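The sequence shown maps to residues 1 to 370 in the UniProt record's numbering. Each residue gets a CB set at the ideal place from its N, CA and C atoms; glycine is no exception. Keep in mind it's a predicted model, so treat the numbers as computed, not measured.
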Amino acid sequence: MIVDPSASRQPTAFQLTLDCNKAGMGNVDKERVEAIIRDAREGSPFLLNEQRLAEGREKQLQELKRKSSLFTQLLGGERNAAQRKQWELKVSKMEQELEATRRLGTYIHLDMDMFYAAVEIKKHPEYATIPLAIGTMTRLQTANYIARGRGVRPGMPGFLALKICPNLLILPPDFDSYNLESNIVRRIVAEYDPNYIVVGLDELTLEVSAYIERFEGTKTAEDVASELRVRVFGETKLTASAGIGPTAALAKIASNINKPNGQHDLNLHTREDVMTYVRDLGLRSVPGIGKVTEALLKGLGITTLSTFTIGVLNFVIFYQKISLFAWSFHWHYAMARCVQIPVLVMGTGGKEVSCSERTFILQSKEDYRK
């Protein structure tokens with residue numbers, strides 16, 4: 001959900017919209033759901049806080065636009081030719097360093113389908129036919145596909161989800177059960193790659209080149225992905241989706257293409273294949289770019305990954321000069337080149353990857369009813 005930061009009718013980068021960038025939400029009646037969200041905003045501490053945050057983001061974006069325009073002007077003209085040349089050399093060096101790290105392999109990203117909800121349905125089969133979500137009144141961690149089809153999505157506050165889908169059942173998370181099932185999946189995956197990458201309880205990435213080589217051409221990555229999914233279902237009765245790509249990030253992107261309970265091979269084998277594929281890739285397809293970052297980047301004219309490479313000189317100076325993005329340009333540019341995605345290389349061999357998040361806490365039970 002992205003909230004309109006003001007009462008103005010002028011369009012902004014943070015308008016009140018339902019984010020349907022999630023499997024199972026392709027046919028949601030967005031107009032109906034967004035009307036409910038707008039009505040719920042009145043008097044709700046949670047949504048008022050979202051509005052306050054959105055106002056700050058909009059101000060931030062306008063300031064970034066102003067500075068971007070200023071830096072673009074400073075780069076132009078003969079007077080600044082020497083400085084521009086210095087930056088061109090820096091960018092060229094950075095590109096060479098990134099290319100030197102490029103390693104194409106055979107990666108499989110395994111993503112358990114609506115994992116928390118699926119585990120609860122396994123424990124309580126009667127939940128399979130009703131809209132179900134896992135989480136709290138302030139934040140849902142996941143929702144089954146029935147709930148998603150009605151406009152409920154992970155990350156949404158539970159009290160808002162109940163307004164959108166009144167018969168939604170919200171269960172508190174049972175992490176003991178989730179860890180138990182996750183450990184079974186990891187044990188299976190370790191047989192294919194003991195150095196698999198963990199991206200949470202429900203996602204992991206493995207590199208299977210060495211495993212496939214043992215079979216001397218009789219087994220493909222598609223075969224391995226299918227075998228993995230069959231074995232996981234056989235031992236857990238939970239379905240998984242899989243993606244195959246030459247990097248961990250591309251494999252993750254591929255895993256979203258045939259969800260749920262499917263798999264997809266991008267069939268990218270060379271640098272040229274990769275660069276052609278990512279050229280027009282949308283920002284939200286990329287791991288690590290969420291709705292807020294997407295809105296900021298689009299506000300700056302960055303709509304696809306190719307935007308980074310087309311105007312790289314302007315952007316690299318812009319990022320270096322602005323403290324907000326100074327730390328992140330190298331990371332974003334690496335994504336655009338599809339060289340490395342640090343967010344996917346945080347833990348291996350069963351080491352848990354976690355991230356912190358801030359959740360707005362409502363003041364009382366009465367707030368849930370507003």
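Buried or exposed by the 16-neighbour rule on C-beta atoms within 10 Å, applied to residue i
i: residue 226; result: exposed
i: residue 251; result: buried
i: residue 130; result: exposed
i: residue 342; result: Per-residue confidence for residue 342 stands at a pLDDT of 43, beneath the threshold of 50, marking its modelled position as unreliable; no derived number is given.
i: residue 118; result: buried
i: residue 276; result: exposed
i: residue 202; result: buried
i: residue 51; result: buried
i: residue 172; result: exposed
i: residue 246; result: buried
i: residue 46; result: buried
i: residue 230; result: exposed
i: residue 268; result: buried
i: residue 82; result: exposed
i: residue 140; result: buried
i: residue 100; result: exposed
i: residue 68; result: buried
i: residue 241; result: buried
i: residue 22; result: buried
Cβ shell of residue i (< 8 Å), same chain only, five flanking positions each side left out
i: residue 121; result: 127, 128, 132, 144
i: residue 189; result: 110, 196, 204, 206, 228
i: residue 304; result: 279, 280, 281, 282, 283
i: residue 212; result: 106, 219, 220, 221, 224
i: residue 274; result: 104, 246, 247, 250, 268, 338
Strand pairing of residue i, partner residues [DSSP]
i: residue 170; result: 133
i: residue 205; result: 109, 197
i: residue 374; result: In the structure as shown, the chain begins at 1 and stops at 370. Residue 374 is therefore absent and cannot be evaluated.
i: residue 243; result: 109, 264
i: residue 282; result: 304
Nonlocal neighbours in the same chain, by C-beta distance under 6 Å from residue i, ignoring five residues either side
i: residue 78; result: none
i: residue 36; result: 163, 164
i: residue 448; result: Past the edges of the chain, shown from 1 to 370, lies residue 448, and the structure says nothing about it.
i: residue 348; result: Bear in mind that a pLDDT of 44 at residue 348, under 50, signals an unreliable position, so the number given afterwards is only what the model happens to contain. Correct list, in chain order: 195, 197.
i: residue 114; result: 142, 144
i: residue 62; result: none
i: residue 253; result: 285
Whole-number beta carbon distance between residue j and residue i, since they are thought to touch under 8 Å
i: residue 261; j: residue 239; result: 4 Å
i: residue 222; j: residue 265; result: 5 Å
i: residue 105; j: residue 209; result: 5 Å
i: residue 263; j: residue 243; result: 7 Å
i: residue 300; j: residue 64; result: 6 Å
i: residue 236; j: residue 272; result: Going by Cβ atoms, the distance from residue 236 to residue 272 rounds to 39 Å, so no, they are not a contact pair.
Residues of its chain near residue i, where Cβ-Cβ distance is below 7 Å and the 5 sequence neighbours each way are ignored
i: residue 168; result: 131, 133, 147, 152, 161, 162
i: residue 297; result: 283
CB contact below 8 Å: residue i versus chain D
i: residue 137; result: Going by chain labels, chain D is absent from the structure shown, which holds only one protein chain.
Restricting to runs no shorter than 4 residues, where is the alpha helix (DSSP H) found entirely within the region 49–123? 81–100, 115–123
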